[in-house]
Structures are given as C-alpha cells and as structure tokens.
Amino acid sequence: MKILCVGDVVGSIGCRFLRSRLPRLKREKAIDAVVVNGENSADGNGITPDSAEDLFASGADVITTGNHVFRRKEIYSMLEEHAFLLRPANFPASAPGRGVCILDRGKYQIGVINLMGTAFMENLRSPFETMDQLLRETELPKTVILDFHAEATGEKRALAFYLDGKLSAVFGTHTHVPTADETILPNGTGYLTDVGMTGPILSVLGVKPEQVIEKYLSHMPVRFSVPEGDCRMDAVLFEIDEKTGKTRSVERLNLF
C-alpha cells in the first residue's frame, strides 16, 4: 500500500494549493491513504473547523496536528467528535480529542499516531513513554504510521530508532523545512526527519519575511500573517508491505 504524508499546511493559501495538487497526485501515484498535518491551516495560526474540513475535502484521510492545535477554541468540539482529526497523544488525557485513529479500508487497516516532542517545546509526557504505553495497551493493525511533531532533529531520529521494527513509518513535522534523510531503518521502519510544509515559497516558514525580521530586530510582539504568491507542497510517500507492515520504499516529494 502507498501512504502519503503531507507537511504542515500553512493558512488558506496552503489549503488552496493542497487542493490544486493533491487529487491529481493521488491518482498518478495510486495512493491508498493520505495523512496531512493541519495545525497551521487556519489564517493566523492554529486549525479551525473550516480549515479542517477544507483539508478533508482536498483528500486528507487523517489530519494530524501539534503545538498549535488548541490555539482556536472553536476546534475543541471537532477534536472530540471527529475520529480522524488528531492531536498529539502525549497531551494530558483531559485535553480534547485523541492521538490515535485506525483507518479501515476493508481488506486492510492503517493506524495513525500523532505525538509531540519535548526538546525545546512544551513539557509534555515523554514521547518514548507514551509510545510504550500505546504499543502495550492499544490494539493496532500491522501498518502503523507516526507523525512526530518535534523541533529537535536528534529527538526525532532517536525516537525513530527506538521504534524501528515496531511501526511501519515515522515522519517528522513542525520545522517547515524538509530534510533529505529519507531512509528505511534496519528493522523495516520508513523514516524522514521532517517533511517540510505546504505554503508560500517566499516566506519565513510560511510567514511574511518582513514581519519575522521586525520581530528579531525589535524583540517586541509582532502579528504574523501568511503572504500570497507561489507555493510548494512537501510530502513523503511510504510504500508498505501489507503482509509484514514493513516499508518497501520511501520517496520524498516537493511539488511546485
């Protein structure tokens, strides 16, 4: 089976670009399932019901998120009600939503897990301990994909090696900068440190450059916004053996 994982979609311009590229890519690559990180899909940061529905309508089967997931309170009820809209599993149990879902395709199932890193980020429960508990207590199918939303490349790679052979694939999100280290780890887990982003090319991680520069120069609060202009869509395509749950190939994609 082929599972496409798309990097952080930024703002309404990123949503529009995803819709312009994803349906054709799904047909051309015969993709079976799509996981999209949508935590920045709303203009001005975070995710809203409208931006989430936009991502689903564009072809996302599962939406993962990260540290901005709870920025908009209007998403809380959707996180509770929609099985395929995830938040990181290592947030406290009292937080809205869930961190795991299972896509049922009839002849096969796909598990998707969302986790957040703790290095240079929020002081959440250890992603290593959270994964140990999930693997012990959750009935997961043979094919399982993890979106690890984390800042530090070392933390991402360490968790991937820790889970090698236990999951089908691990991909990183959050930095909005794609890495070039796609690989299959020794025990069959596909891996990429960071997928990148879907949004405007002439930006600083999806934000107008002049606003970020002002922030660095002034050290004062600056309201960020997403620029218009040409976009790119960063993604990774994992081909997975349905019988073993191991990754056969990893292809990094950058669409303009």
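So the sequence shown is numbered by the numbering used here: it starts at 50 and just counts up by one. All C-beta atoms in this analysis are idealised placements derived from N, C-alpha and C, irrespective of residue type, glycine included. Nothing here was measured: the structure is a model prediction, and the numbers come from that model.
Residue range of the beta strand (DSSP E) that includes residue i
i, result
"Gly248", "246-249"
"Lys78", "Per DSSP, Lys78 belongs to no beta strand (DSSP E); it is in the alpha helix (DSSP H), 60-78."
"Asp103", "Counting along the chain, Asp103 falls outside any beta strand (DSSP E), though it belongs to the alpha helix (DSSP H) covering 98-107."
"Glu300", "296-304"
"Tyr157", "Careful: Tyr157 lies outside any beta strand (DSSP E) and carries neither H nor E."
Supposed contact pair residue j and residue i - C-beta distance, whole angstroms, cut 8 Å
i, j, result
"Leu135", "Thr167", "With 8 Å as the limit, Leu135 and Thr167 do not qualify as a contact, their Cβ atoms being about 18 Å apart."
"Leu216", "Asp230", "With 8 Å as the limit, Leu216 and Asp230 do not qualify as a contact, their Cβ atoms being about 17 Å apart."
"Val261", "Gly60", "Val261 to Gly60, Cβ: 15 Å. No contact."
"Asp92", "His225", "So it is not a contact: roughly 16 Å between Cβ atoms."
"Arg301", "Ile250", "The Cβ separation is near 17 Å, so there is no contact."
"Cys150", "Val118", "Incorrect: roughly 15 Å between the Cβ atoms, too far for contact."
"Tyr157", "Met50", "6 Å"
"Cys54", "Phe305", "Rounded, the Cβ-Cβ distance is 18 Å, inconsistent with contact."
"Ile233", "Thr296", "5 Å"
Straight-line Cα distance separating residue j from residue i
i, j, result
"Val161", "Val193", "6 Å"
"Phe197", "Glu263", "30 Å"
"Phe287", "Pro270", "40 Å"
"Phe210", "Asn236", "9 Å"
"His200", "His223", "The amino acid at residue 200 is misidentified as His; the sequence shows Glu. Spanning the two alpha carbons is a distance of roughly 6 Å."
"Tyr265", "Gly278", "23 Å"
"Lys191", "Ser267", "51 Å"
"Thr108", "Val85", "Correcting the residue type first, residue 108 is Gly in the shown sequence and not Thr. Going by the C-alpha atoms only, they are around 9 Å apart."
"Thr202", "Ser126", "33 Å"
"Glu129", "Gly148", "11 Å"
"Pro176", "Asn116", "14 Å"
"Ile52", "Phe133", "15 Å"
"Ala207", "Thr179", "14 Å"
Limits of the unbroken alpha helix (DSSP H) element including residue i
i, result
"Glu259", "258-267"
"Ala218", "Taken as a continuous stretch (DSSP letters only), Ala218 belongs to no alpha helix (DSSP H), being part of the beta strand (DSSP E) at 218-222."
"Asp181", "176-186"
"Phe210", "202-212"
"Met127", "125-130"
*Do the segment 168-185 and the segment 79-94 meet, that is, are 3 or more Cβ pairs less than 8 Å apart?*
no
_Stretch-stretch touch, CB-based, cutoff 8 Å, three pairs: the segment 252-259 with the segment 64-73_ = no
_Would the segment 51-67 count as touching the segment 95-106 if we require 3 or more Cβ pairs under 8 Å?_
yes
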